[in-house]
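A short worksheet on the structure shown next.
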Amino acid sequence: MGRFLFKSLLMVIFLAVGVLIGMNRANQGMNDMRGYTDSSFQTPVHIQTTDEGSFDAAVLGNEISSFNMNEKKEKLEEVKSFNFFSEIGKLLADLISSIAQAIINFFAGLF
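Counting the sequence shown from 1 gives a position; the working numbering is that position plus 85.
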(Lines of atoms letter the chains of each structure in order from A and count residues from 1; the text may use other names and numbers.)
(Lines give C-alpha, C1' and ligand atoms only; values in the text may rest on other atoms or scores of the structure.)
Protein backbone atom coordinates (compact mmCIF):
# COMPACT_ATOMS: atom_id res chain seq x y z
CA MET A 1 0.00 0.00 0.00
CA GLY A 2 2.82 2.36 0.88
CA ARG A 3 4.66 1.68 -2.36
CA PHE A 4 1.46 2.30 -4.32
CA LEU A 5 0.94 5.65 -2.59
CA PHE A 6 4.58 6.58 -3.13
CA LYS A 7 4.41 5.69 -6.83
CA SER A 8 1.11 7.53 -7.24
CA LEU A 9 2.44 10.65 -5.52
CA LEU A 10 5.61 10.51 -7.61
CA MET A 11 3.54 10.21 -10.79
CA VAL A 12 1.30 13.16 -9.80
CA ILE A 13 4.36 15.31 -9.08
CA PHE A 14 5.95 14.28 -12.37
CA LEU A 15 2.79 15.10 -14.32
CA ALA A 16 2.34 18.43 -12.52
CA VAL A 17 5.91 19.42 -13.44
CA GLY A 18 5.13 18.38 -17.02
CA VAL A 19 2.07 20.65 -17.04
CA LEU A 20 4.13 23.60 -15.78
CA ILE A 21 6.81 22.96 -18.42
CA GLY A 22 4.08 22.74 -21.07
CA MET A 23 2.56 26.04 -19.93
CA ASN A 24 5.97 27.68 -20.15
CA ARG A 25 6.55 26.28 -23.66
CA ALA A 26 3.08 27.43 -24.76
CA ASN A 27 3.87 30.95 -23.51
CA GLN A 28 7.13 30.95 -25.45
CA GLY A 29 5.26 29.72 -28.54
CA MET A 30 2.70 32.51 -28.23
CA ASN A 31 5.49 35.08 -28.01
CA ASP A 32 7.23 33.57 -31.03
CA MET A 33 4.01 33.61 -33.07
CA ARG A 34 3.39 37.29 -32.34
CA GLY A 35 6.98 38.24 -32.99
CA TYR A 36 7.15 40.59 -30.01
CA THR A 37 6.86 40.34 -26.25
CA ASP A 38 3.78 41.62 -24.49
CA SER A 39 4.00 42.52 -20.81
CA SER A 40 0.47 41.20 -20.20
CA PHE A 41 1.68 37.65 -20.92
CA GLN A 42 3.98 36.61 -18.09
CA THR A 43 5.85 33.35 -17.86
CA PRO A 44 4.06 30.84 -15.62
CA VAL A 45 7.30 29.74 -13.94
CA HIS A 46 9.89 32.32 -12.90
CA ILE A 47 13.16 31.24 -11.24
CA GLN A 48 15.75 33.77 -10.08
CA THR A 49 19.11 33.23 -8.38
CA THR A 50 19.88 35.45 -5.38
CA ASP A 51 23.28 36.80 -4.35
CA GLU A 52 23.60 34.17 -1.59
CA GLY A 53 23.31 31.38 -4.16
CA SER A 54 19.77 30.32 -3.28
CA PHE A 55 16.86 30.30 -5.69
CA ASP A 56 13.63 32.30 -5.59
CA ALA A 57 10.80 30.72 -7.56
CA ALA A 58 7.32 31.86 -8.49
CA VAL A 59 4.64 29.71 -10.10
CA LEU A 60 1.71 31.55 -11.68
CA GLY A 61 2.69 34.65 -9.69
CA ASN A 62 2.73 32.88 -6.31
CA GLU A 63 6.05 32.85 -4.47
CA ILE A 64 7.38 29.44 -3.50
CA SER A 65 9.40 29.48 -0.32
CA SER A 66 12.07 26.90 0.26
CA PHE A 67 12.36 25.43 3.71
CA ASN A 68 15.12 23.89 5.70
CA MET A 69 14.62 20.21 6.46
CA ASN A 70 16.08 20.59 9.94
CA GLU A 71 13.64 23.38 10.76
CA LYS A 72 10.77 21.26 9.46
CA LYS A 73 11.92 18.28 11.54
CA GLU A 74 12.19 20.41 14.67
CA LYS A 75 8.73 21.82 14.05
CA LEU A 76 7.29 18.32 13.72
CA GLU A 77 9.02 17.21 16.91
CA GLU A 78 7.53 20.20 18.74
CA VAL A 79 4.05 19.18 17.68
CA LYS A 80 4.62 15.70 19.14
CA SER A 81 1.75 14.29 17.16
CA PHE A 82 0.49 10.86 18.08
CA ASN A 83 -0.63 8.64 15.22
CA PHE A 84 -3.12 6.16 16.62
CA PHE A 85 -3.15 3.90 13.56
CA SER A 86 0.63 3.80 13.43
CA GLU A 87 0.81 2.68 17.04
CA ILE A 88 -1.88 0.02 16.49
CA GLY A 89 0.07 -1.22 13.45
CA LYS A 90 3.28 -1.46 15.48
CA LEU A 91 1.52 -3.39 18.25
CA LEU A 92 -0.07 -5.75 15.74
CA ALA A 93 3.27 -6.34 14.02
CA ASP A 94 4.97 -7.08 17.35
CA LEU A 95 2.16 -9.46 18.32
CA ILE A 96 2.33 -11.37 15.04
CA SER A 97 6.14 -11.52 15.21
CA SER A 98 6.08 -12.91 18.76
CA ILE A 99 3.42 -15.51 17.85
CA ALA A 100 5.42 -16.61 14.79
CA GLN A 101 8.60 -16.78 16.87
CA ALA A 102 6.82 -18.91 19.50
CA ILE A 103 5.53 -21.31 16.84
CA ILE A 104 9.00 -21.62 15.30
CA ASN A 105 10.56 -22.26 18.72
CA PHE A 106 7.90 -24.88 19.51
CA PHE A 107 8.56 -26.84 16.31
CA ALA A 108 12.33 -26.41 16.69
CA GLY A 109 12.07 -27.90 20.21
CA LEU A 110 10.31 -31.02 18.89
CA PHE A 111 13.27 -32.08 16.77
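No residue lacks a Cβ here, since even glycine has one placed at the ideal position from N, Cα and C.
Taking C-alpha positions only, F169 is separated from G194 by approximately 37 Å. With respect to the C-alpha of V130, the residue from D136, S171, N147 having the closest C-alpha is N147. Per DSSP, reduced to three states, the secondary structure at D136 is coil, with no helix or strand assignment. The secondary-structure analysis by DSSP pairs D141 across a beta bridge with Q133. Looking at the backbone, the Cα of G114 and that of K175 are separated by about 54 Å.
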